[in-house]
Amino acid sequence: MDVRSLRYFIAAYEGGSISAAARRCHVAQPSISAALLQLEERLATTLFERHRRGITPTEEGHRLYPLARQVSADLDAIEQRFRTPTPPTPVRLGLMRSLGARRMTTLLKEYLGRGDNLALTLVNPEERCDARIINQRDVAPGEAFQPIWHDSYRVALPGGHPLARQKTLALEDLDDQPFIWRHPCAAMEQLAEALAVAGLRCQVRARLRTIEYTLGLVAAGVGASLVPAWPEIRARRDVACRPLAGLAIEQVIGIAYPARQAPAALAALLALGREAWESDGREARHTGSC
Numbered sequence: 112m113d114v115r116s117l118r119y120f121i122a123a124y125e126g127g128s129i130s131a132a133a134r135r136c137h138v139a140q141p142s143i144s145a146a147l148l149q150l151e152e153r154l155a156t157t158l159f160e161r162h163r164r165g166i167t168p169t170e171e172g173h174r175l176y177p178l179a180r181q182v183s184a185d186l187d188a189i190e191q192r193f194r195t196p197t198p199p200t201p202v203r204l205g206l207m208r209s210l211g212a213r214r215m216t217t218l219l220k221e222y223l224g225r226g227d228n229l230a231l232t233l234v235n236p237e238e239r240c241d242a243r244i245i246n247q248r249d250v251a252p253g254e255a256f257q258p259i260w261h262d263s264y265r266v267a268l269p270g271g272h273p274l275a276r277q278k279t280l281a282l283e284d285l286d287d288q289p290f291i292w293r294h295p296c297a298a299m300e301q302l303a304e305a306l307a308v309a310g311l312r313c314q315v316r317a318r319l320r321t322i323e324y325t326l327g328l329v330a331a332g333v334g335a336s337l338v339p340a341w342p343e344i345r346a347r348r349d350v351a352c353r354p355l356a357g358l359a360i361e362q363v364i365g366i367a368y369p370a371r372q373a374p375a376a377l378a379a380l381l382a383l384g385r386e387a388w389e390s391d392g393r394e395a396r397h398t399g400s401c
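And the structure:
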């Protein structure tokens, strides 16, 4: 049995589509499709149901998956046992603040898993680095940009706050409200500009750098703040998140990298960025919001 076909099967099973498997395996979609058909012919069974939105494993596909994973793991173990050790490829990745611990942990774990013997060092985006995960607004000349996430912002209110009874907030609702300010933060700067134009002011009770501490103070009733509408924040019960009517505060987060000659070690990271961006877009279209 062709081991490559098994690995293409694993990629298709986990990615949910032929296109996702092709990106992950760095091959053309017809190569994935042909390998899956050959595997189905060899096993005399159907492994996936094909439909317009992707593929769905059949019962036989679900049965094959753990076996294929085990075979792939065993082969990897054999290769590792007899492979001549090579020095890891160093990658310096600059990270802006407030990217979200959960999604960044997932992204970096996937990157290290797909990358070939990488040694990852995380630094500030202003330092020397091979690529940066930053706001699209901060992309420098000579850098290309691969979007990853589209973040929209909401006003976070303490649980039980009178304004939490409203589905949306007007900018005027923030006038003279106790507020937790984060700096540096492009979204906060956009809010500050809107407040200044309207002749409004918040009572700044604290100035912080991290979203985690900001949410802690909001939950404690110190004041409101502006935070990204990440799922883990919206799910909190001690904080109520409300959109600002008529003021869309958004930012696009992605990978800035050398436009002329991106290091080969970034290929897996850029592929993950494309997958996350497509997934983010599908979710936004499905829910009707960001």
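Under my numbering, the letters of the sequence shown match residues 112 to 401, in that order.
Ideal placement from N, C-alpha and C gives every residue a C-beta, glycine not left out.
Residue environment, residue i, which counts as buried when at least 16 other CB atoms sit within 10 Å
i      : result
Leu381 : buried
Arg118 : buried
Asp349 : exposed
Ile308 : Looking at the sequence shown, residue 308 is not Ile but Val. Val308 is exposed by the Cβ-count criterion.
Gln181 : exposed
Ile189 : exposed
Arg371 : exposed
Gly224 : exposed
Gly399 : With a pLDDT of only 45 at Gly399, under 50, the local geometry of the prediction cannot be trusted, and the value read off the model is given with reservation. That one is exposed.
Ala356 : exposed
Alpha-carbon to alpha-carbon, residue j and residue i
i      : j      : result
Met215 : Val363 : 15 Å
Ala378 : Leu150 : 28 Å
Ile143 : Ala346 : 38 Å
His397 : Ile344 : Because the pLDDT of His397 is 48, which lies under 50, any placement of that residue in the model is unreliable, and the question is left without a value.
Leu218 : Ala212 : 10 Å
Ser183 : Thr200 : 23 Å
Cys313 : Gly126 : 46 Å
Pro168 : Ala145 : 17 Å
Pro369 : Gly205 : 13 Å
Gly327 : Pro289 : 15 Å
Leu282 : Leu358 : 8 Å
Ala367 : Gly271 : 41 Å
Phe120 : Pro177 : 11 Å
Leu148 : Arg163 : 18 Å
Arg248 : Met207 : 12 Å
Ser130 : Arg161 : 12 Å
His173 : Gln191 : 28 Å
Cys240 : Ala373 : 12 Å
Asp185 : Leu158 : 22 Å
Pro196 : Asp187 : 14 Å
Cys136 : His261 : 25 Å
Tyr324 : Glu238 : 25 Å
Pro295 : Glu361 : 15 Å
Ala351 : Glu389 : 28 Å
Arg134 : Pro252 : 28 Å
Leu154 : Val114 : 14 Å
Leu231 : Lys278 : 43 Å
Ser263 : Ser128 : 28 Å
Within 7 Å, strictly: CB atoms of residue i and residue j
i      : j      : result
Val234 : Arg203 : yes
Ala340 : Arg265 : yes
Ile291 : Gly334 : yes
Arg139 : Ala132 : The question names Arg, but residue 139 is Ala in the sequence shown. No, the Cβ-Cβ distance between Ala139 and Ala132 is not below 7 Å.
Leu274 : Met299 : no
Ile259 : Ala387 : yes
Thr156 : Glu170 : no
Glu254 : Leu383 : no
Pro269 : Val315 : no
Gln257 : Gly165 : no
Leu306 : Arg353 : no
Asp284 : Leu311 : no
Check: residue i C-beta below 6 Å from any heavy atom of the ligand NAP
i      : result
Tyr124 : Among the components of this structure there are no ligands whatsoever, and the ligand NAP is therefore not found.
Checklist entry - Is it a yes or a no for the stretch 242–258 touching the stretch 317–333, going by three-plus beta-carbon pairs under 8 Å? => result Not touching, per the Cβ criterion.
Checklist entry - Quick one: complete alpha helix (DSSP H) runs, 4+ long, within the stretch 257–324? => result Listed in chain order, the complete alpha helix (DSSP H) runs (minimum 4 residues) inside the stretch 257–324 are 297–309.
Checklist entry - If you scan the stretch 151–213 from start to end, which runs of the beta strand (DSSP E) of 3 or more residues do you find wholly inside it? => result For the stretch 151–213, whole beta strand (DSSP E) runs of length 3 or above, ordered along the chain, are 159–162, 165–168 and 200–206.
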